[in-house]
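Residue numbers (the working numbering): 134 to 801.
Glycine is no exception: its CB is placed at the ideal position from the N, C-alpha and C atoms.
Note sheet for the following structure.
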Ligand code: WTA
């Protein structure tokens with residue numbers, strides 16, 4: 134899931150006790166559907182089904198109406214420019230500033246004392262951060278960045294835990310026109326280094342340490358080893374989170390808090406073109422090198438605010454909204470930072486692990502702040518299911534009125550548990566399908582309008598056009614195929630940072646230059662509902678984290694003594710998919726400890742989230758005569774299936790040896 138490195142990771146047992154709910158079992162077999170509860174529908178922000186037809190008949194008019202709700206420094210006249218596909222331009226002659234939209238306009242509208250975040254630390258620290266306070270921190274840190282020579286167009290890396298300072302750092306970049314490049318705090322310093330080097334970041338914002346289950350895990354000191362390999366990073370700002378007093382290099386490293394305390398309180402916002410970059414966010418692709426997904430200002434904010442208001446039925450005066458993702462992922466960018474703040478929402482932000490100090494933690498938070506809306510990932514729901522219903526049942530969850538899911542397909546059993554045990558059978562569930570690249574939710578129920586089917590993300594958001602195509606590009610009206618989006622939308626990525634060629638090739642060349650191939654397989658049913666099946670490229674989705682097989686393979690082979698590696702994803706009851714690696718040692722380097730050593734090595738290279746669940750040491754891999762590794766056979770072995778045709782292999786005996794090696798290893 135997106136909320137951190139502490140969900141049951143790859144080392145956790147997979148055979149959970151996620152069964153034993155007999156009523157859920159009954160429901161599973163009735164294929165019940167769930168119309169919006171009448172009370173909910175009556176008050177919903179989207180309550181007129183006409184919205185779909187209206188948006189479909191003129192998507193540009195639909196989106197520009199949402200865009201006009203933003204505060205523009207100079208209003209736009211142009212809506213969509215699609216004259217050079219796949220490079221879309223939205224609202225291109227308008228000018229605005231994202232931080233002004235998220236903060237100043239609420240403060241100026243008299244809402245300065247509204248809580249933006251009820252922040253809870255992992256221990257018992259609590260902070261209510263108002264819009265006033267967040268604007269103050271943002272302006273001051275904006276001035277700090279400017280005083281260090283950082284300005285419009287410069288890239289600033291952000292590698293931080295879940296703190297109010299993280300939001301302020303992001304918005305400070307937006308304020309001065311710097312491009313933020315957030316790296317999830319669970320990634321390794323190596324991964325930070327790569328992302329800073331690729332994007333030529335000028336500054337990096339980090340913390341002394343992050344709290345994990347009561348321990349301060351160093352961040353700043355851990356980065357020290359790779360600082361030499363980030364020559365473009367001239368300044369490092371260090372948030373003091375744990376008081377660990379990390380080493381500071383004079384002239385390069387500065388205390389975030391000290392700098393902010395000494396800064397001027399007002400910071401003039403940079404006037405940004407709608408198409409000026411707002412941020413880049415790296416995500417795994419099917420090659421070893423992560424892709425820097427670029428988002429711009431006006432269109433992204435339009436998508437974020439429209440979807441946040443309609444999908445989450447936001448009532449900013451009364452809702453307490455909690456997106457439990459980590460800010461380091463797109464879900465955190467769009468649905469913790471930009472969407473909720475631009476819509477003036479009050480959110481909850483929680484720093485720690487979902488089961489710290491007990492698996493009741495989330496439910497206590499919901500009771501404490503009377504949370505109305507919870508948005509999380511299937512992997513978290515499955516973990517809570519496994520830990521037991523007694524934890525949520527011990528708290529008063531009656532404030533909840535809407536539940537959301539994101540990041541991977543949700544299995545109907547988990548959906549039904551979420552509906553019953555967390556939602557008390559009264560809350561609609563929005564299963565939202567989207568991607569880092571799409572910027573905002575694309576396929577989703579509208580909670581007051583859409584009848585839901587457990588396991589289906591249902592239908593495209595108004596103004597979004599999705600289809601299922603077969604291999605030849607012919608539309609499938611009922612059945613499975615490749616999911617595509619066929620009309621531009623405002624929050625779509627504008628490209629891979631400094632790599633247009635890869636952008637076109639990855640997403641826009643499978644069919645034609647106006648059809649966005651999302652990389653997922655999906656099924657469409659007789660009612661036109663979409664059921665996302667999973668990735669079709671070499672991307673593994675572990676607990677909602679996208680990881681590329683090649684990235685993990687290169688991490689493994691970077692270990693001394695490893696000649697070759699192949700990685701596959703297999704279904705996993707808890708984490709959606711799990712990583713299984715096959716590695717060939719150079720002669721003389723085999724040892725019993727090697728598997729553990731390699732798992733640690735991958736954790737060090739990429740982050741704990743990428744640690745394979747199993748690493749099978751082998752003498753050879755199944756290859757065709759032309760030397761291509763047949764991953765299909767590796768998947769068959771890892772999933773215990775009968776092997777199909779192996780006659781095309783150079784050495785058909787390899788698979789038996791591999792199977793013995795796999796079966797002989799006790800599962801971890
Ligand atoms: C998967 C996360 C099924 C999908 C917002 C997609 C989902 C990838 C769902 C994007 C969902 C996300 N149902 N699958 N509701 N939501 N996915 O970029 O494979 O981290 O392509 O964005 O997650 O992952 P990303």
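- Take the alpha-carbon of residue 307 and the one of residue 600: they are about 34 Å apart.
- Within 10 angstroms of the beta-carbon of residue 674 lie 16 or more other beta-carbons, which makes it buried.
- Exclusion of the five residues before and after residue 373 leaves 340, 341, 388, 389 and 390 as the residues of its chain whose Cβ lies within less than 8 Å of its Cβ.
- Apart from the 5 residues on each side of it in sequence, residue 259 sits with its Cβ closer than 6 Å to the Cβ of 253 in its chain, given in chain order.
- Taking 8 Å as the upper bound for CB-CB distance, residue 687 and residue 671 are not in contact here, some 12 Å apart.
- Burial is judged here by how many other beta carbons sit within 10 angstroms of a residue's own beta carbon; residue 175 has fewer than 16 and is exposed.
- Shown here for residue 757: same chain residues with a beta carbon closer than 7 Å to its own, the five before and five after excluded, namely 763, 781, 782 and 783 in chain order.
- The three-state reading of DSSP puts residue 514 in helix, counting H, G and I together.
- Taking one beta carbon from each stretch, the stretch 423-438 and the stretch 457-474 have 3 or more pairs nearer than 8 Å; the two touch.
- Per the DSSP secondary-structure output, residue 757 pairs in a beta bridge with 782.
- Exposed is the label assigned to residue 358, since fewer than 16 other Cβ atoms lie within 10 Å of its Cβ.
- Of the heavy atoms belonging to the ligand WTA, at least one sits nearer than 7 Å to the Cβ of residue 542.
- Residue 414 is positioned such that its CB atom lies closer than 8 Å to that of residue 315.
- Between the ligand WTA and residue 568, a heavy atom-to-CB distance of less than 7 Å is present.
- Residue range 649-657 is occupied by the beta strand (DSSP E) that includes residue 650, with no alpha helix (DSSP H) assigned at that position.
- The beta-carbon distance between residue 740 and residue 512, rounded to whole angstroms, is 16 Å. This is too long to meet the 8 Å contact definition.
- With contacts defined by Cβ atoms closer than 8 Å, residue 334 and residue 362 do not form a contacting pair.
- Exclusion of the five residues before and after residue 520 leaves 488 and 492 as the residues of its chain whose Cβ lies within less than 7 Å of its Cβ.
- Counting only residues of its own chain and dropping the five nearest sequence neighbours on each side, residue 662 has a CB closer than 7 Å to the CB of 586, 589, 591 and 592.
- Of all C-beta pairs linking the stretch 297-304 to the stretch 266-280, three or more are shorter than 8 Å, placing the two stretches in contact.
- Within the same chain, Cβ atoms closer than 6 Å to the Cβ of residue 351 are found at 342, the five residues on either side in sequence being excluded.
- Considering only 312, 666 and 792, the residue with the shortest C-alpha distance to residue 775 is 792.
- Under a 10 Å Cβ-count criterion, residue 778 is classified as exposed, with fewer than 16 other Cβ atoms of the shown protein chains found around its own Cβ.
- Taking one beta carbon from each stretch, the stretch 216-230 and the stretch 444-460 have fewer than 3 pairs nearer than 8 Å; the two do not touch.
- Taking a contact as a CB-CB distance under 8 Å, the pair residue 312 and residue 279 does not count as one, their CB atoms being some 15 Å apart.
- Nearest to residue 178 by alpha-carbon distance, out of 705, 689, 647 and 580, is 580.
- For residue 171, the enclosing alpha helix (DSSP H) starts and ends at 171-176.
- Under the three-state reduction of DSSP, residue 710 is assigned to strand.
- Closer than 7 Å to some heavy atom of the ligand WTA: that describes the Cβ of residue 590.
- Distance from the Cα of residue 621 is smallest, within the candidate group 736, 206, 218 and 441, for 218.
- When C-alpha distances from residue 450 are compared across 430, 468 and 476, the shortest belongs to 476.
- Runs of the beta strand (DSSP E) lying entirely within the stretch 511-561, each at least 3 residues long, are 535-539 in chain order.
- By the Cβ neighbour-count rule, residue 242 is exposed, with fewer than 16 other Cβ atoms within 10 Å of its own.
- Contact between residue 554 and residue 522 holds, with the beta-carbon distance rounding to 5 Å and staying under 8 Å.
- Between the alpha carbons of residue 572 and residue 628 lies a distance of about 12 Å.
- Secondary-structure assignment with DSSP links residue 584 through no beta bridge to anything.
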